[in-house]
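Asks:
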Ligand SMILES: Cc1cc2nc3c(=O)[nH]c(=O)nc-3n(C[C@H](O)[C@H](O)[C@H](O)COP(=O)(O)OP(=O)(O)OC[C@H]3O[C@@H](n4cnc5c(N)ncnc54)[C@H](O)[C@@H]3O)c2cc1C
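Chains as they are written, first to last, in full-length UniProt numbering: chain A, 1 to 375; chain B, 1 to 340.
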């Protein structure tokens, strides 16, 4: 057992140097508003130019075939440098892994490079008004027609779909089939004829997500991912990634914990040991997540349902860390600024990507082997 | 980089698990608690045969160490089986003796005895030398000194011989806490203080590993119990409230382990002390949370002296504050980061 990172130091040094000279001096406007979305898209293009937007992908799609360890190191450097949030995150983290597993060569060649460059930004369209945690109860339909499918129904809570270019998600293609059966996973342009987008203001009013209404939207066969009817299995290949390390990497929390320490040095009353303890905990937990990441990439077995453990940990850490920052800021804690933006964002962590209650069910049943509740 | 135990380290842990399972530690603990030390000392000697007591003793003194990763692997199993005895204290004494080298007349003789399992050692640290002054906890006892062959007392800059005084009882029946009667000064000066700091960190590291093992065992028995115990015509493990408790226990333990391993790997680096403290905070909190959950999931049976898991429940609380409370270690983490 060791923590010898010397083999990745040259890569780390290259990434650090590039970021030092390229990260915008002033933070970009929030990526949850139109202006910020555009600025972040331009930043994706710049990253792509340096082949740093998708380091872990194969070279042919714009990556550099970085190892999982190099990817962790990239993320550490990225967030330590204060680089912008990733507007392409849902494509890169949620769709690309699915395509690598289930996509055709044609789909990979068509979709991935423009995703890597930020030219096409992807929105996840899974949730529906009646299907949140219980995704398998989804009702939006895909009906077979000549050469493709017609989509009807409604999706909701689709992050940044008001500004994004394409969407992806499961639709019910067999009206007779129940729950996990008879679903098909599809991609579609968000400006397709028959799609109506309605932005929804999140808790601070920013139009961070949108509802999507589908009215006979035609999708050609080439935009089906995996086998028709196998949509559940295809969708689930995304969730493992989402709940593992990729969606919110350790580097992000290490950087936030370091900023929290700075704030502590600037603002703290040294006698306030309760706050001091919370700052210490934030740092300790961020470090724990970093080491857990190193442990995970050292393993050769599939982490499977254990990814749910990570999802709970990082989302709760994020809330605690930002709450601590607001408490350190005292009366300034309610003022607009980076910490507040981070706090508002953190509040959604225990809800999206599978709520933490659902994750606890998964851990109990699939990691600890407790009996499923009688239905 | 490979930040997981290698095959040999895993095998070492499995071997210890096997020995300790066969040793029926609950009956050893109950004997130890009543002052019947022999079965516990016999277990000490058989663990010494596997090399456990040699891990903190350098090769030059007849040991195999220092091997911090193997050390935390061993202590994880000691915790999983709630083995009674001053193991962490003996590790700390070995580190202390090693650091002081020739300054101590009988140092190498003791070290050799520790490595071979002939010398059971204990240590009183009335202040924890590694921790920032206002936060340090005091423990004017030497664990199991009444069963030890060598008892030392770190008294500021002085290292003294000591003898066991009156035994106080702990919440954990396996922890007998004699006060110490100070004897001759064996060494004094800044080298003692420096050696005591590292020795303290090794004791903290061993305790953190032990805590994770204690928590693991509590989770294991609680999951088994939740599958077996029926109420309302179904196993209680079907109830979501029970499931979520157990899932939370797992999350805490899963994130304590990498910190313990990380601290072991950073032995000898300037970050060792900070990393050890971070590990102790996480391990204390995770094991103690697992203990409270285990108690709740078991219901009344878990609250009985007679039911074996309650030995682990009590140990988790005792070790939570032994070798520095979480608050003391948080203060240490912050003070080491604040300068950075
Ligand atoms: C900021 C944000 C961004 C999002 N982005 C996207 C996106 O891009 N694309 C997309 O498709 N969706 C997105 N979502 C939606 C998200 O996936 C859902 O909110 C989530 O799956 C929960 O569904 P729900 O909101 O309908 O809550 P519900 O499922 O109605 O849950 C409500 C409460 O009941 C609990 N609950 C439900 N079932 C159980 C159970 N079996 N056991 C215990 N407790 C249970 C939940 O844990 C929760 O606390 C986003 C959500 C947020 C907040």
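Note that the Cβ used here is the ideal one computed from N, Cα and C, for glycine as well. Here the structure is a predicted model, which is why all the values come from computation and not from measurement.
Shorter than 7 Å, the distance from the beta carbon of residue 225 (chain A) to the closest heavy atom of ligand 1, or not?
Replies: Not under cutoff, so the answer is no.
Asks: Which bits of chain D does residue 259 (chain B) rub up against, with CB to CB less than 8 Å?
Replies: The chain inventory of the structure shown lacks chain D, comprising the protein chains A and B.
Asks: Considering residue 210 (chain B), what are the terminal residues of the beta strand (DSSP E) in which it resides?
Replies: From DSSP, residue 210 (chain B) is part of no beta strand (DSSP E) but of the alpha helix (DSSP H) over 190-228.
Asks: Tell me, please, whether the CB atom of residue 68 (chain A) is closer than 8 Å to any CB atom in chain B?
Replies: It does not; no Cβ of chain B falls within 8 Å.
Asks: Output, in chain order, the set of chain B residues within a Cβ distance shorter than 8 Å of residue 371 (chain A).
Replies: What residue 371 (chain A) touches in chain B: 227, 234, 235, 237, 238.
Asks: Does the distance from the CB of residue 121 (chain B) to the CB of residue 273 (chain B) come in under 8 Å?
Replies: It is not a contact, given that the beta carbons lie outside the stated cut-off.
Asks: On the DSSP bridge list, what partners appear for residue 149 (chain A)?
Replies: In the DSSP output, where bridge partners are listed per residue, residue 149 (chain A) has A:144, A:219.
Asks: Any heavy atom of ligand 2 closer than 7 Å to the CB of residue 166 (chain A)?
Replies: Because ligand 2 does not appear in the structure shown, any question about it cannot be addressed here, the ligands present being ligand 1.
Asks: Sort out for me which residues DSSP pairs residue 181 (chain B) with in a bridge.
Replies: Bridge partners of residue 181 (chain B): B:163.
Asks: Closer than 7 Å by beta-carbon distance: list the chain B residues that pair up with residue 15 (chain A), in chain order.
Replies: Under the 7 Å cutoff, chain B gives no residues; its nearest Cβ is about 17 Å from residue 15 (chain A).
Asks: Looking at residue 366 (chain A): is its Cβ nearer than 8 Å to the Cβ of residue 312 (chain A)?
Replies: No, these two residues do not count as a Cβ contact at 8 Å.
Asks: Output the residues surrounding ligand 1, defined as those with a CB atom closer than 5 Å to any ligand heavy atom, in chain order.
Replies: Taking each Cβ in turn, the ones that pass are A:124, A:126, A:127, A:132, A:133, A:157, A:158, A:159, A:348, A:351, A:352, A:355, A:357.
Asks: What in chain A is Cβ-close to residue 4 (chain B), meaning under 8 Å?
Replies: By Cβ distance, chain A contributes 1, 295, 298, 299.
Asks: Spatial neighbours of residue 133 (chain A) within its chain, please: CB distance less than 8 Å, with the 5 preceding and 5 following residues excluded, ordered by chain position.
Replies: Taken in chain order, the residues that qualify are 354, 355, 357, 358.
Asks: Taking one C-beta from the stretch 199-207 of chain B and one from the stretch 267-282 of chain B each time, how about it: are there three or more such pairs within less than 8 Å?
Replies: As far as the Cβ criterion goes, the stretch 199-207 of chain B touches the stretch 267-282 of chain B, which means the pair count is three or higher.
Asks: List the endpoints of the continuous alpha helix (DSSP H) containing residue 18 (chain A).
Replies: From DSSP, the alpha helix (DSSP H) with residue 18 (chain A) extends over 9-22.
Asks: Going by the DSSP bridge assignment, what does residue 362 (chain A) pair with across the sheet?
Replies: According to DSSP, residue 362 (chain A) bridges with nothing at all.
Asks: What residues in its chain sit with their C-beta under 8 Å from that of residue 30 (chain A), if we drop five residues either side in the sequence?
Replies: So the list reads 36, 206, 341, once near-sequence residues are dropped.
Asks: So, are the CB atoms of residue 69 (chain A) and residue 8 (chain A) less than 8 Å apart?
Replies: Yes, these two residues count as a Cβ contact at 8 Å.
Asks: Note down, in chain order, each residue of its chain lying with its Cβ closer than 7 Å to the Cβ of residue 283 (chain A), except the 5 sequence neighbours on either side.
Replies: 257, 261.
Asks: Residue 293 (chain B) versus chain A: which residues are under 9 Å apart at the beta carbon?
Replies: Residues of chain A passing the Cβ test: none, with the nearest at roughly 12 Å.
Asks: Based on Cα-Cα distance, which residue from A:4, A:148, A:78 lies nearest to residue 221 (chain A)?
Replies: Checking every option, the nearest Cα to that of residue 221 (chain A) belongs to A:148.
Asks: So which residues on chain A does residue 202 (chain B) lean against when the C-beta distance must stay under 9 Å?
Replies: Within 9 Å Cβ-Cβ: nothing; residue 202 (chain B) doesn't reach chain A, min ~17 Å.
Asks: What's the call for residue 66 (chain A), buried or exposed, on a 16-neighbour Cβ count within 10 Å?
Replies: That one is buried.
Asks: Applying the 10 Å Cβ sphere with the 16-neighbour rule, what's the burial state of residue 172 (chain B)?
Replies: By the neighbour-count rule (16 or more Cβ atoms within 10 Å), residue 172 (chain B) is buried.
Asks: Runs of 3 residues minimum, wholly inside the stretch 254-339 of chain A: which ones carry the beta strand (DSSP E) assignment?
Replies: Complete beta strand (DSSP E) runs here, min 3: none at all.
Asks: Exposed or buried, what is residue 90 (chain B) when buried is set at 16 or more other beta-carbons lying within 10 Å of its beta-carbon?
Replies: Counting Cβ neighbours within 10 Å, residue 90 (chain B) comes out buried, since at least 16 surround it.
Asks: What does residue 313 (chain A) touch in chain B if you count any residue whose Cβ is under 7 Å from its own?
Replies: 251, 255, listed in chain order.
Asks: Report buried or exposed for residue 290 (chain A), applying the criterion of at least 16 other Cβ atoms within 10 angstroms of its Cβ.
Replies: Buried.
Asks: Quick check: residue 170 (chain B) and residue 318 (chain B), are their CB atoms within less than 8 Å of each other?
Replies: Contact: yes.
Asks: Quick one: what's got a C-beta closer than 7 Å to residue 163 (chain A)'s C-beta in the same chain, skipping five residues either side?
Replies: These residues qualify, in order along the chain: 34, 37.
Asks: When the cut-off is 8 Å and only beta carbons count, does residue 330 (chain B) lie next to chain A?
Replies: Residue 330 (chain B) counts as touching chain A.
Asks: Taking 8 Å as the CB-CB limit, is residue 262 (chain B) close to chain A?
Replies: By this cut-off, residue 262 (chain B) is an interface position.
Asks: Using a cut-off of 7 Å between C-beta atoms, extract the partners of residue 379 (chain A) located in chain B.
Replies: Residue coverage of chain A in this structure runs from 1 to 375, which leaves residue 379 (chain A) outside it and unanswerable.
Asks: Taking beta-carbon pairs under 8 Å, can you tell me which members of the stretch 346-363 of chain A lie near chain B?
Replies: Result list: 357, 359, 360, 361, 363.
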